[in-house]
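Going by full-length UniProt numbering, 48 is the number at position 48 of the sequence shown; the sequence numbering is gapless.
Yeah, the Cβ is synthetic: ideal placement off N, Cα and C, and Gly gets one too.
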Amino acid sequence: MLLKEGQIDGAVFGRLFIANPDLPARFAARAALNPPDRATFYTPGAAGFTDYPRLPG
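In structure tokens:
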């Protein structure tokens, strides 16, 4: 809404995107969001990058 009305130039969804790689689809479906796991934000392995659940379909 703020972006559409020209009140802001952009929005950032950093942590939400890390935990929800399908964030635009979740917003569109009004689906629940995965909670971010901060312990996996800066790890060398795949944990936290490839194991968050996606919406079915």
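Residue range of the unbroken alpha helix (DSSP H) whose run includes G48: Position 48 of the sequence shown, counting from 1, holds the residue named residue 48. Looking at the DSSP string, G48 is not in any alpha helix (DSSP H), and its letter there is neither H nor E.
Beta-carbon spacing of R15, L55 below 8 angstroms: Translated into the one-based positions of the sequence shown, residue 15 becomes position 15. Translated into the one-based positions of the sequence shown, residue 55 becomes position 55. No. Outside cutoff.
Enclosing alpha helix (DSSP H) for P24 [first to last residue]: Numbered from its first residue, the sequence shown carries residue 24 at position 24. Note, P24: alpha helix (DSSP H), 23-29.
Alpha helix (DSSP H) segment containing F17, residue limits: Numbered from its first residue, the sequence shown carries residue 17 at position 17. Per DSSP, F17 belongs to the alpha helix (DSSP H) from 14-19.
Beta-carbon contacts of A29 that lie in its chain and below 7 angstroms, excluding the five residues immediately before and after: The residue you call residue 29 lines up with position 29 of the sequence shown. The residues are L55.
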